[in-house]
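The next block holds one structure in the form of structure tokens; read it before the comments.
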Amino acid sequence: MPASSAGPDGRPPAEEAESGPRPKRRTDWHAARDRGVELLATLVRWVGLAFAVVLVLHVVFVIGEANPDNGIVSFVADAAERLALGFEDMFVPDDPQLAVLLNHGLAAVFWLVASSLVTRIIRLVGGAGRS
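Note that my numbering has the sequence shown beginning at 85, numbered continuously upward.
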């Protein structure tokens, strides 16, 4: 509004002020739901990917014979043991490096597949993309 149309107190003239309340902004609840569903699905996907990366790092550290006293290596080993779920003793070959490769590698694949499936379920149930 131009400055010349304002009254001495800075308010608009009476006829403009009495024209009625401003129209309320409408919230697009469908778009908000879609954004929330996509955010949750993306979060689940990234968590599954992060778990798989930790397991793969553990496999690389074991096969590469990394120093187990190193802080990073020990942190990854501890996290990988928690993330391996029931896979840590699924295969018991004589070579311990092969055992880690098979068991933790399978656990990494599990986390990728599980997070992918949960992501799809979230999108289906949440109705992302529907109008």
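Using N, Cα and C, we set each Cβ at its ideal position, and we do this for glycine too. Just so we're clear, the structure is a prediction, and the values are computed from it rather than from any experiment.
> What do you reckon, are the CB atoms on I206 and V121 nearer than 8 Å?
Replying inline: The count along the sequence shown starts at 1 and reaches residue 206 at position 122. The count along the sequence shown starts at 1 and reaches residue 121 at position 37. For I206 and V121, yes; Cβs fall inside 8 Å.
> Is DSSP giving N151 helix, strand or coil here?
Replying inline: Sequence index remark: in the sequence shown, residue 151 carries index 67 (1-based). In this structure, N151 counts as coil in the three-state DSSP scheme.
> Excluding sequence positions up to five away, which residues of its chain have a Cβ less than 6 Å from the Cβ of T126?
Replying inline: As a first step, residue 126 must be located in the sequence shown, where it is residue number 42. Answer for T126: no residue qualifies.
>> By the three-class DSSP mapping on this structure, what secondary structure does V197 have?
In response: Position 113 of the sequence shown holds residue 197. V197 falls in the helix class under three-state DSSP.
> Looking only at its own chain, which residues have a Cβ that is under 8 Å from the Cβ of F145, when we skip the five neighbours before and after it?
Replying inline: Numbered from 1 along the sequence shown, position 61 holds the residue referred to as residue 145. Cβ within range, chain order: V157, V160 and A161.
> Under three-state DSSP, which class holds P107?
Replying inline: What you label residue 107 is simply residue 23 of the sequence shown in a count that begins at 1. P107: coil per DSSP, three-state reduction.
> Does the distance from the C-beta atom of A183 to that of F175 stay below 8 Å?
Replying inline: Position 99 of the sequence shown holds residue 183. Position 91 of the sequence shown holds residue 175. Their beta carbons are under 8 Å apart, which means A183 touches F175 by this criterion.
> Any idea what DSSP makes of A192, helix, strand or coil?
Replying inline: Position 108 of the sequence shown, counting from 1, holds the residue named residue 192. Helix at A192.
> From G132 to A116, what does the alpha carbon distance come to, in whole angstroms?
Replying inline: For the purposes of this step, residue 132 is identified with residue 48 of the sequence shown, where counting begins at 1. For the purposes of this step, residue 116 is identified with residue 32 of the sequence shown, where counting begins at 1. Approximately 24 Å between the Cα atoms of the pair.
> Run through DSSP, which three-state label would V176 get?
Replying inline: Position 92 of the sequence shown holds residue 176. If DSSP states are grouped into helix, strand and coil, V176 belongs with coil.
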